[in-house]
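Residue numbers (full-length UniProt numbering): 1 to 412. Just so you know, even glycine gets a beta-carbon here, dropped at the ideal spot from N, CA and C. First comes the structure, then the notes that go with it.
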């Protein structure tokens, strides 16, 4: 039988419409008394749950991180209870015992014995930043999709503007799109009025590229897509203006993170929104890497370690770290040199993950110490190579039973 470490605790089985609560209360050495109730997840029901737990003197609560349904419960109980939010895959009940009440009881029993690992829950202020950065990323995805849709419509209409215009959605490009939507006759004089800057040297090519087979369907589709694109761009601009205010208290941390090669302001903000500013919640950089899904898990059997993939982790954080790693690969820095060192042996995909992991580790110590990143130099690996090779050879000899003595040791 497992040893209990909590005299009073609760397990919650959370669903969309209801939450089943099981409280176990009693001395550690005795079988606890069990209290079971079901509450609706509307605010009044959750407040009733909070009062019920208070009446029983229960302040230790554990529950699964079920979709987004845990959030209303957490928001109500976090002021009065110490909540342990568990990964659902880590606390599965035994097969054949799947009911809401049994699930709540199982969670309570595990929590009473200290077997429920807590998930990282950022403070409310950081969670609000996370909402903003994730919504911005979603809008940027919609924006990219709409731009690609416009380019496909142009190709379908035999309009080859993207061949000669690097940015179809720049000032000149939008003027040309408007002319196509309005059904205007595209001739050299018209193109001369639409082209700006260096594009004026390509008037003959642009005239040919803009004369395709644009019908009414194409014009209506272009109009709808362009209007939606402009709406998205306006929404993103307004959201970024709000983000300036929300991130104002974290300007110092933003600037520190931007000293890391490949990390711009938006990447820095995503890092802050996903992991927060208090690194004490992660015992080490390795714990943070594991939580983010930037390091592989352990799979050892019969004394043999097998290769495993990285865990899913935090997809939002992982994606921006990979973007930052690719940007860092183009810099003349230690991270850039590390990328190409790994890419030559294991390929660019693996190298990107390696550098992304290093960026996360650097970010951990930058935020923990409150100090900017100190660049090692693009030639650090070359300078380090003779030393590391020597140390590796010494370790191999010592492993075989040899005693290695350095020349400096004999002269001393």
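> How is the beta strand (DSSP E) around residue 40 delimited, first residue to last?
Replying inline: Position 40 of the chain shown holds residue 40. Start and end: 33 to 40.
>> Just to confirm, is the Cβ distance from residue 186 to residue 195 under 8 Å?
In response: Reading the chain shown from its first residue, position 186 is the one you call residue 186. Reading the chain shown from its first residue, position 195 is the one you call residue 195. Against a cut-off of 8 Å, the Cβ pair of residue 195 and residue 186 comes out as no contact.
> Which class does residue 259 belong to by DSSP, given the choice of helix, strand or coil?
Replying inline: Position 259 of the chain shown holds residue 259. When DSSP states are grouped into helix, strand and coil, residue 259 belongs to the coil group.
>> Tell me the DSSP secondary structure of residue 214 in three-state form.
In response: Walking along the chain shown from the start, residue 214 turns up at place 214. It is coil, neither helix nor strand.
>> Does residue 92 come out as helix, strand or coil in the three-state DSSP assignment?
In response: Along the chain shown, one-based indexing puts residue 92 at 92. Reduced to three states, the DSSP call for residue 92 is coil.
>> Please report the straight-line C-alpha distance between residue 160 and residue 231, rounded to a whole angstrom.
In response: The count along the chain shown starts at 1 and reaches residue 160 at position 160. The count along the chain shown starts at 1 and reaches residue 231 at position 231. Distance between the alpha carbons of residue 160 and residue 231 is about 25 Å.
> Based on Cα-Cα distance, which residue from 34, 288, 191 and 78 lies nearest to residue 363?
Replying inline: Locating residue 363 in the chain shown gives position 363, counting from the first residue. The shortest Cα separation from residue 363 among 34, 288, 191 and 78 belongs to 288.
>> Please report the straight-line C-alpha distance between residue 354 and residue 394, rounded to a whole angstrom.
In response: If you number the chain shown from 1, residue 354 lands on position 354. If you number the chain shown from 1, residue 394 lands on position 394. Roughly 27 Å between the two C-alpha positions.
>> So for residue 85, helix, strand or coil by DSSP?
In response: By one-based count along the chain shown, residue 85 stands at place 85. Residue state, collapsed to three classes: strand.
>> Am I right that residue 73 and residue 46 are in contact with their C-beta atoms under 8 Å? What's the rounded C-beta distance?
In response: Taking the first residue of the chain shown as position 1, residue 73 is located at position 73. Taking the first residue of the chain shown as position 1, residue 46 is located at position 46. Right, their Cβ atoms sit about 6 Å apart.
> Pick from 219, 14 and 261: whose alpha carbon is nearest that of residue 68?
Replying inline: As a working mapping, residue 68 is identified with position 68 in the chain shown. Of 219, 14 and 261, the residue nearest in Cα terms is 14.
>> Is the beta carbon of residue 116 closer than 8 Å to that of residue 83?
In response: The sequence position of residue 83 within the chain shown is 83, counting from 1. The sequence position of residue 116 within the chain shown is 116, counting from 1. Against a cut-off of 8 Å, the Cβ pair of residue 116 and residue 83 comes out as no contact.
>> Among 317, 272, 259 and 339, whose alpha-carbon lies nearest the alpha-carbon of residue 372?
In response: The residue you call residue 372 lines up with position 372 of the chain shown. Ranking the options by Cα distance to residue 372, first place goes to 259.
> Which word fits residue 397, buried or exposed, when buried means at least 16 other C-beta atoms lie within 10 angstroms of its C-beta?
Replying inline: Residue mapping note: residue 397 aligns to position 397 of the chain shown, counting from 1. It is exposed - the Cβ of residue 397 has fewer than 16 other Cβ atoms within 10 Å.
> In this structure, what does DSSP give as the bridge partners for residue 23?
Replying inline: Locating residue 23 in the chain shown gives position 23, counting from the first residue. Note: residue 23 sits in a beta bridge opposite 10 and 35.
> Based on Cα-Cα distance, which residue from 181, 205 and 182 lies nearest to residue 192?
Replying inline: Taking the first residue of the chain shown as position 1, residue 192 is located at position 192. Of 181, 205 and 182, the residue nearest in Cα terms is 205.
> Whole-angstrom Cβ separation of residue 356 and residue 322, contact assumed at under 8 Å?
Replying inline: Translated into positions along the chain shown, residue 356 becomes position 356. Translated into positions along the chain shown, residue 322 becomes position 322. So it is a contact: roughly 5 Å between Cβ atoms.
> In angstroms, rounded to a whole number, what distance separates the CA positions of residue 39 and residue 22?
Replying inline: If you number the chain shown from 1, residue 39 lands on position 39. If you number the chain shown from 1, residue 22 lands on position 22. Roughly 11 Å separates the two Cα atoms.
> For residue 91 versus residue 64, is the C-beta distance shorter than 8 Å?
Replying inline: The residue labelled residue 91 in the question sits at position 91 within the chain shown. The residue labelled residue 64 in the question sits at position 64 within the chain shown. Yes, they are a contact pair.
> How about residue 275 and residue 210: are their beta carbons less than 8 Å apart?
Replying inline: Locating residue 275 in the chain shown gives position 275, where the first residue counts as 1. Locating residue 210 in the chain shown gives position 210, where the first residue counts as 1. No, the Cβ-Cβ distance between residue 275 and residue 210 is not below 8 Å.
>> On the criterion of 16 or more Cβ atoms from any shown chain inside 10 Å, does residue 365 qualify as buried, or is it exposed?
In response: Locating residue 365 in the chain shown gives position 365, where the first residue counts as 1. Label assigned to residue 365: exposed.
>> I need the straight-line Cα distance from residue 239 to residue 125, nearest angstrom please.
In response: Here the question's residue 239 lines up with position 239 in the chain shown. Here the question's residue 125 lines up with position 125 in the chain shown. Cα to Cα, the separation comes out at about 17 Å.
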